[in-house]
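Encoded as structure tokens, the structure appears first; notes follow it.
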Amino acid sequence: MQVTEKLIRPLTETKYLNADNVDRYRSIMRIFYENYEKLRYWMYQEDVYAQMTQDSYFADYRMEQCQQDLSALTEWKNLETMQDTRKVASIEEFRNKKFRYKMSQYSVEIERLVLRLENLLVEGASLEPTLLERLRLALERFEEMSKENADVVYTWWNDLNSDFIRLNQNYQDYIRDLNSVRAEEMMRTREFLIFKDKLVEYLRSFIRGLQRNVGVIEECLRALDPSVLEAVLDKVVEYELAIPRIDTEVSGTLLAERARGRYQSIRDWFVADGRGENEAGKLFDATNDIIRRITRYAAQLSEKNALGANRKEEYRHVAEIFMKCGDIQEAHRMSAMVFGLERPYHLKGEAQRDTDSMNSGVYEEEPAEILLRPRIRTYREKTNRSAIRDSREEKARTKEKLLREMQQDQREVTRLEKDGAIDFATLPVISPRVREILLKWLSDALEDTEYTARTEEGRMFSLDLARADQRCVVQCSDGCLTMPCLRIVFEEGI
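Following our numbering, the numbering of the sequence shown begins with 102 at its first residue and continues without gaps.
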């Protein structure tokens, strides 16, 4: 075994088989697969919703749920999207993107694995006018095929569908590549001018083939007798039923429905029966849009090259004029002629001048700097990024300073203690800091039901309220405090 990237990458495409709301996801993918078998590759959200609500199981299914399910399947790469911008009439319609959805290749293979069907062969993307010629010749043989044997009809039918599949898939992939972001970027480069004519000629050749054959095919399909069509499809189904299959039961009804669905897809591709524009018309418009875009980009590149060449000559001529100036004053006058007189810009403001002399020229004064800011709501001042500053030394100094202050406070409070107690009535003059510490201890003790608390050092003390009805005056360096006569009694050994 050789380990490759494809082998070890997770298959997100299989999430819809066992995720939450699996009934909705699998039903949507089955709808896409059944239409894929009928050659209806692209579907709109409204088409999916209409087919889902046909079953009574999804009677309560809402359009919002359908949109969420399609978004989830697109995120898991089960569906591919293409924005439909042909009928956009306003900016709002363009913002509310309308997508067409198509099964991804992995999803087709997964669904075929579930249904035990064969693998799908994928061919390269191109625009082949010969396929249109072959389709036209094959469709013109409907009358002839209605009289042939079933094996001949079946071979002709397979060739017709193979050509149609190639035409449908190839044009979708080719147009998608031309509408990709990478193609847009390439069209804006100078190298694109080299093969621009070849690409345009290739697209125009396909358009000529499209115009030459689509009209004939449309007339042929419109004039087709329904009895002839039924005879041909019956022979196709008859031959498929006659094919021996091992451990597989084939339903004639399903085969007939698939055959009619394939024919209807071919007819819808070429014929518009009042249900909107057919797929051939969409391809014609998309190809013409690409040609116009290619031509526009090429014209812009040519104008840019010509404009650059002209400006280069102008700059060289101006530089030669300045080189011929005799002194700086003459150069200033030439600068005013070239850059300043035709379209001068006047900036009005409160500039601070170094002198009030009216004879002072602009070249004799210091230039004024004016900071311009965008007048938009989303503008923010650019912040200067800086590295994280190492502040360990500063933290150590701050910690050391706090420890010294705590030790100083402890020494001052300890000097007030007499016989294991601090009596507020006999205190000397104290500092505001010591007063703050003592009052905090009082507050802590008063909040306790037993009037006990602990100091910051962990010493247990209790509050003596025996003389609480009396008053005392505590002398402080910033004033006097009148309070009840209370004592803080420390409990040693606790």
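All residues carry an ideal CB built from backbone N, CA and C; glycine is no exception.
N-terminal and C-terminal residue of the beta strand (DSSP E) that residue i is part of
{"i": "proline 585", "result": "580–585"}
{"i": "lysine 299", "result": "Per DSSP, lysine 299 belongs to no beta strand (DSSP E); it is in the alpha helix (DSSP H), 293–323."}
{"i": "methionine 204", "result": "200–204"}
{"i": "valine 574", "result": "572–577"}
Environment of residue i [buried if 16+ CB atoms lie within 10 Å]
{"i": "glycine 225", "result": "With a pLDDT of only 45 at glycine 225, under the threshold of 50, the placement of this residue in the model should not be trusted; the figure read from the coordinates follows. With fewer than 16 other Cβ atoms within 10 Å, it is exposed."}
{"i": "alanine 554", "result": "buried"}
{"i": "valine 575", "result": "buried"}
{"i": "asparagine 220", "result": "Interpretation of asparagine 220 is limited by its pLDDT of 36, a score under 50 that renders its predicted location unreliable; the figure taken from the coordinates is listed afterwards. So asparagine 220 counts as exposed."}
{"i": "leucine 222", "result": "A caution first: leucine 222 carries a pLDDT of 37, below 50, which makes its placement in the model unreliable, though a value can still be read off. So leucine 222 ends up on the exposed side."}
{"i": "glutamine 273", "result": "buried"}
{"i": "glutamate 482", "result": "exposed"}
{"i": "leucine 504", "result": "exposed"}
{"i": "arginine 478", "result": "exposed"}
{"i": "serine 281", "result": "exposed"}
{"i": "serine 157", "result": "exposed"}
{"i": "serine 366", "result": "buried"}
{"i": "tyrosine 150", "result": "buried"}
{"i": "aspartate 264", "result": "buried"}
{"i": "leucine 547", "result": "exposed"}
{"i": "glutamate 106", "result": "exposed"}
{"i": "serine 128", "result": "buried"}
{"i": "leucine 599", "result": "Since the first residue shown for the chain is 102 and the last is 595, residue 599 is missing from the structure and cannot be characterised."}
{"i": "glutamate 463", "result": "Before going on, a small fix: residue 463 reads as valine here, not glutamate. Exposed: under 16 other Cβ atoms inside 10 Å."}
{"i": "arginine 629", "result": "No answer is possible for residue 629: it lies beyond the span of the chain, which begins at 102 and ends at 595."}
{"i": "glutamate 391", "result": "At residue 391 the sequence reads isoleucine, which differs from the glutamate that was named. It is buried - the Cβ of isoleucine 391 has at least 16 other Cβ atoms within 10 Å."}
{"i": "tyrosine 117", "result": "buried"}
{"i": "phenylalanine 371", "result": "buried"}
{"i": "leucine 334", "result": "buried"}
{"i": "lysine 500", "result": "exposed"}
Residue i: first and last residue of the uninterrupted alpha helix (DSSP H) it sits in
{"i": "serine 172", "result": "164–176"}
{"i": "serine 563", "result": "First-last for serine 563: 561–565, but that is the beta strand (DSSP E), not the alpha helix (DSSP H)."}
{"i": "phenylalanine 51", "result": "Residue 51 is absent from the model: the chain starts at 102 and stops at 595."}
{"i": "aspartate 524", "result": "Looking at the DSSP string, aspartate 524 is not in any alpha helix (DSSP H); the run it does join, the beta strand (DSSP E), is 522–524."}
{"i": "methionine 597", "result": "The chain is shown only over 102 to 595; residue 597 falls outside these bounds and no answer can be derived."}
{"i": "threonine 515", "result": "493–517"}
{"i": "tyrosine 126", "result": "123–138"}
{"i": "tryptophan 542", "result": "533–547"}
{"i": "serine 328", "result": "327–343"}
{"i": "valine 104", "result": "Neither: valine 104 is in no alpha helix (DSSP H) and is coded neither H nor E."}
{"i": "glutamate 467", "result": "Segment: none, glutamate 467 is in no alpha helix (DSSP H) and carries neither H nor E."}
{"i": "glutamate 234", "result": "230–240"}
{"i": "leucine 355", "result": "353–371"}
{"i": "arginine 110", "result": "Premise fails: arginine 110 is in no alpha helix (DSSP H) and is neither H nor E."}
{"i": "arginine 283", "result": "282–288"}
{"i": "methionine 246", "result": "243–246"}
Residue j beta carbon less than 8 angstroms from that of residue i
{"i": "leucine 311", "j": "phenylalanine 385", "result": "yes"}
{"i": "aspartate 549", "j": "arginine 534", "result": "no"}
{"i": "tyrosine 480", "j": "arginine 486", "result": "no"}
{"i": "valine 337", "j": "valine 253", "result": "no"}
{"i": "tyrosine 207", "j": "aspartate 170", "result": "no"}
{"i": "lysine 199", "j": "leucine 180", "result": "no"}
{"i": "valine 123", "j": "phenylalanine 243", "result": "no"}
{"i": "serine 205", "j": "lysine 178", "result": "yes"}
{"i": "arginine 588", "j": "isoleucine 531", "result": "no"}
{"i": "leucine 236", "j": "isoleucine 318", "result": "yes"}
{"i": "alanine 99", "j": "cysteine 573", "result": "Summary: the structure shown does not reach residue 99, with the chain confined to residues 102 through 595, and so no result is reported for it."}
{"i": "alanine 387", "j": "isoleucine 308", "result": "no"}
{"i": "arginine 368", "j": "leucine 322", "result": "yes"}
{"i": "valine 351", "j": "glutamate 339", "result": "no"}
{"i": "methionine 130", "j": "glutamate 212", "result": "yes"}
{"i": "glutamate 592", "j": "methionine 561", "result": "yes"}
{"i": "tyrosine 398", "j": "phenylalanine 296", "result": "no"}
{"i": "alanine 420", "j": "cysteine 426", "result": "no"}
{"i": "arginine 201", "j": "methionine 144", "result": "yes"}
{"i": "cysteine 586", "j": "alanine 569", "result": "yes"}
{"i": "glutamine 168", "j": "glutamine 146", "result": "yes"}
{"i": "leucine 539", "j": "tyrosine 552", "result": "no"}
{"i": "asparagine 314", "j": "glutamate 234", "result": "yes"}
{"i": "asparagine 269", "j": "leucine 228", "result": "no"}
For residue i: DSSP bridge partner residues
{"i": "aspartate 252", "result": "Answer is none; aspartate 252 lacks a bridge partner."}
{"i": "alanine 554", "result": "Phe562"}
{"i": "tyrosine 145", "result": "Arg201"}
Contiguous beta strand (DSSP E) assignments of at least 3 residues, all confined to the stretch 379–444: none
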